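Each remark here refers to the structure printed beneath this line.
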Amino acid sequence: MIFHLLRLVWHRKRQSALLLAELFASFLVLFAVVLGGVVAGDNWRRPLGFEWEDVWFVGVRASSGDRPDEGLAGRDLVALREAVREFPEVRSAAYVDPAPYQHSQWMDGGRIAGRRVMWRMARADDGLPAVLGLKLVAGRWFSREDDPAGTTPMVVSESFARHVFGTTDVVGRDATSEQEREDAAPPAKRRIVGVIADFRQDGELMGPEHYAFQRAEPASGEMRRLPRVLLVRVAPGSGVALEERLLRRLERERPGYTFQIEPLAQMRSSRNATGLIPLATGGVVGLFLMVMVALGLSGVLWQNVTQRTREIGLRRAHGAAAADVFRQVLAEVALLVTLAVAAGALLVVQIPLQDLVTGIRPGAFAASLALTVFGLYGLALASAAYPARLAASLEPAEALRYE
Amino acid sequence: MIRLAGVEKVYRTDRIETVALSQIDLEVAAGDFVAVMGPSGCGKSTLLNLIGLLDAPTKGTVELAGKPVASYRDRDVSRLRNETIGFVFQTFHLIPDLRVLDNVELPLLYRKMSGAERRARATRALERVGLASRLQHFPSQLSGGQQQRVAIARAIAGEPRILLADEPTGNLDSQMGDEVMGLIEDLNQKDGVTVVMVTHDPRQAEKAHRTIRIFDGRQVAC
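Here's what the structure looks like:
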């Protein structure tokens, strides 16, 4: 029967092509939406690499500066940090820039040890691991002992280490970018002192990206750019009262500065909500499209059944039961879906094969493909069910007389 | 082989009730060749549909091979139709998108049978009607007579015991009509297939063993 239906579909190329094109396009749209959802879900389940609960963001800005980081002085930042640490509710405080969930990113890139690499990075002081609960997997966090080395100490994520060096045993390795043009300024010297578990600055919806922290300790003298976010770990349950006291203390400590305090939990909610907007939009558009496809498919099949009324009558006369007719209509649709899925799958597997998109785990890709295939079969068969029922309910004698 | 007793067929719509057949009593023995004649709209095709289990009577009973079929479920009626009855229609009813061989295979698709056996049986049926060289043609590439021969091949591919022909020569010229009638006679005489044929043509009806006349839905002579 399958070959019979295949021949029928093949000889009705023109009618089948339209349905096939619709199913193929639906496959691609559905796959994109499902992949987005699966990847977001997959990212959500991964470890963040830091702890955001009971951590507050304190944005520090000099009133005299035009830019956020202009006018900051290292000694002022140290004084502010010390002032915050005086509070009994404060467990630890450290500078970082940019901070987790902040709408700001710093990209760096170059050729290190012969491998081209792009990475996200932040400047941080010596106390950040205690505030964010960063998990060191090798080496140590940078500290005062790195001051005389003459190179910038760097702590990299596991994915960075593996990508560049193929291992996480990279402590002490030179991470200076190779000079690619002779007329360019010599690159800053960098040395890896530690490796942390993968760190996702943008939070739960961020895919895995290479990450590195570079030392920027305000107490270690002048530097070109100072970090301008003080992260403060507070005692659980601390609230607005502490926030107000902190703010007043900071303003008293350095009247020439302005401060913005916000719990990281709040920033997380806002960031995730922003991240979910395109996903939700894609989902709604995808759903709307699928409904349109289902209605279109149902309409086309209904028309198809009407056009084939006499053929259905003929099949009934030659021994097809109503159930056989019902199954045949569904089987023809399933056959078209199979062809569309085969063509679509051939196209989308190029994404991992050609490395067109990074950061998607093979498991997430396979799950998306499987969900899309099942989804499309389900959608098409559900759309075909009513026309198939109509076809099956035709009385053979009437169907044969149909003009 | 076929027995109709007190059969009546009424078509009802919201306003109108049309009696298509009334008080039909008919027996057709195995190997018989019966012609059904009558003016257009008298109920000949309705009678054929009832015999062929394509329709159910409003009143009365239809028996096939000694079994009343009224209580049969759709699946059983379909199987009985598939295994016992072959149909030939005036307008051939070939599926234009399928090749000749695929058209002839149609009744065999609804039997448990391997693809190879299906092909072999369909090919034999086409050889029987003299169209072995047209297996891969589409219906549109054949003449009317050839198309009706394909329809006969399709009807006999399943080796049915009954052949129901609804004006099989109605759309053909006399020469092609004679060819088709020759095939039907051959099936009746050589293979013992029971034939019930609706026709307008007295010349074709003469080839049957007997003729039933229908007028205004009633059987007027046997």
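Protein sequence lines, in the order shown, are assigned to chains A and B. Throughout the first sequence, residue numbering follows the working numbering, covering 2 to 404 in sequence. Throughout the second sequence, residue numbering follows the working numbering, covering -16 to 205 in sequence. Glycine included, C-beta positions come from ideal geometry on N, C-alpha and C. All of these numbers come straight from a predicted model, not from anything done at the bench.
If you drop the 5 nearest sequence neighbours on each side, which residues of the same chain put their C-beta closer than 6 Å to that of B:Phe75?
Residue 75 of chain B sits at position 92 when you count from the first residue of the second sequence. Closer than 6 Å at Cβ, skipping near neighbours: Gln130, Gln131, Ala134.
Whose C-beta lies closer than 7 Å to the C-beta of A:Val338 among residues of the same chain, with five residues either side of it excluded?
Sequence index remark: in the first sequence, residue 338 of chain A carries index 337 (1-based). Same-chain partners within the cutoff: Leu24, Leu377, Tyr378, Ala381.
Option nearest A:Ala365 by Cα separation, candidates A:Arg46, A:Glu245, A:Leu20:
Counting from one through the first sequence, the residue named residue 365 of chain A turns up at place 364. Ranking the options by Cα distance to A:Ala365, first place goes to A:Arg46.
Going by DSSP, name the residue or residues bridged to A:Pro458.
Since the first and last residues shown for chain A are 2 and 404, residue 458 of chain A lies out of range.
Relative to the C-alpha of A:Ala125, which candidate in A:Val118, A:Phe289, A:Thr153 has its C-alpha closest?
Along the first sequence, read from residue 1 onward, the residue named residue 125 of chain A stands at position 124. Of A:Val118, A:Phe289, A:Thr153, the residue nearest in Cα terms is A:Thr153.
To which residues of the same chain is A:Ala323 closer than 8 Å at the C-beta, ignoring the five residues directly before and after it?
Translated into positions along the first sequence, residue 323 of chain A becomes position 322. Taken in chain order, the residues that qualify are Arg317, Ala393, Ser394.
When the cut-off is 8 Å and only beta carbons count, does A:Asp325 lie next to chain B?
Reading the first sequence from its first residue, position 324 is the one you call residue 325 of chain A. At least one chain B Cβ lies under 8 Å of A:Asp325.
Count the CB pairs spanning the region 32 to 52 of chain A and the region 278 to 287 of chain A that are closer than 8 Å, and state whether there are at least three.
Touching, yes.
So, with DSSP's three-state summary, where would you put B:Arg101?
Your numbering for residue 101 of chain B matches position 118 in the second sequence. In this structure, B:Arg101 counts as helix in the three-state DSSP scheme.
Answer with yes or no whether the minimum CB distance from B:Ile7 to chain A is below 8 Å.
Stepping through the second sequence from its first residue, residue 7 of chain B is reached at position 24. No, B:Ile7 lies away from the interface with chain A (no Cβ there is under 8 Å from its Cβ).
Strictly below 7 Å CB to CB, what residues from chain B border A:Glu312?
Locating residue 312 of chain A in the first sequence gives position 311, where the first residue counts as 1. Those within 7 Å of A:Glu312 in chain B are Ile78.
Note down, in chain order, every chain A residue with its Cβ under 7 Å from the Cβ of B:Pro90.
Here residue 90 of chain B refers to the residue found at position 107 when the second sequence is read from its first residue. The contacting residues are His319, Gly320.
Same chain, Cβ closer than 8 Å to A:Leu6, neighbours up to 5 away in sequence not counted:
By one-based count along the first sequence, residue 6 of chain A stands at place 5. Closer than 8 Å at the Cβ level, and outside the excluded window around A:Leu6, lie Gln329, Ala332, Glu333, Leu336.
In chain order, each beta strand (DSSP E) run of at least 3 residues that lies wholly inside the region 165 to 218 of chain A
Entirely contained in the region 165 to 218 of chain A, the beta strand (DSSP E) runs reaching 3 residues are, in chain order, 191 to 197, 212 to 216.
Got a sec? Which residues, its chain only, sit under 7 Å from B:Pro90 by beta carbon, not counting five neighbours each side?
Position 107 of the second sequence holds residue 90 of chain B. Cβ neighbours of B:Pro90 beyond the five flanking positions: Asn65, Arg137, Ala140, Gly141.
Between B:Glu0 and the ligand GDP, is the CB less than 7 Å from at least one heavy atom?
The model on display carries no ligand, and the ligand GDP is accordingly not part of it.
Would you say B:Ser61 lies against chain E (beta-carbon separation less than 8 Å)?
Absence of chain E from the displayed structure is noted, the protein chains being A and B.
Find the nearest neighbour of A:Asp43 within the set A:Gly300, A:Arg390, A:Leu21, A:Ile361, judged by alpha-carbon distance.
Here residue 43 of chain A refers to the residue found at position 42 of the first sequence. For A:Asp43, the closest C-alpha among the options A:Gly300, A:Arg390, A:Leu21, A:Ile361 is that of A:Ile361.
Counting only beta-carbon atoms, is A:Arg8 nearer than 8 Å to chain B?
Within the first sequence, residue 8 of chain A is the residue found at index 7, counting from 1. A:Arg8 counts as touching chain B.
For B:Gln202, three-class secondary structure by DSSP:
Counted from its first residue, the second sequence places residue 202 of chain B at position 219. Strand at B:Gln202.
Per DSSP, A:Ser93 is paired with what?
Reading the first sequence from its first residue, position 92 is the one you call residue 93 of chain A. The partner list for A:Ser93 (beta bridge, DSSP) reads A:Arg234.
Range covered by the beta strand (DSSP E) that runs through A:Gln103:
Working through the first sequence from its first residue, we reach residue 103 of chain A at position 102. Unbroken run through A:Gln103: none, as it is neither H nor E.
Near-chain A residues of the region 32 to 44 of chain B - C-beta to any C-beta below 8 Å:
Asn32, Gly35, Leu37, Asp38
For B:Gly113, the nearest candidate out of B:Glu100, B:Ser97, B:Val83, B:Leu92 (CA to CA):
Within the second sequence, the letter at position 130 stands for residue 113 of chain B. Out of B:Glu100, B:Ser97, B:Val83, B:Leu92, B:Val83 has the C-alpha closest to the C-alpha of B:Gly113.
Distance, Cα to Cα, A:Ala398 vs A:Ala341?
For the purposes of this step, residue 398 of chain A is identified with residue 397 of the first sequence, where counting begins at 1. For the purposes of this step, residue 341 of chain A is identified with residue 340 of the first sequence, where counting begins at 1. Each residue's alpha carbon lies about 36 Å from the other.
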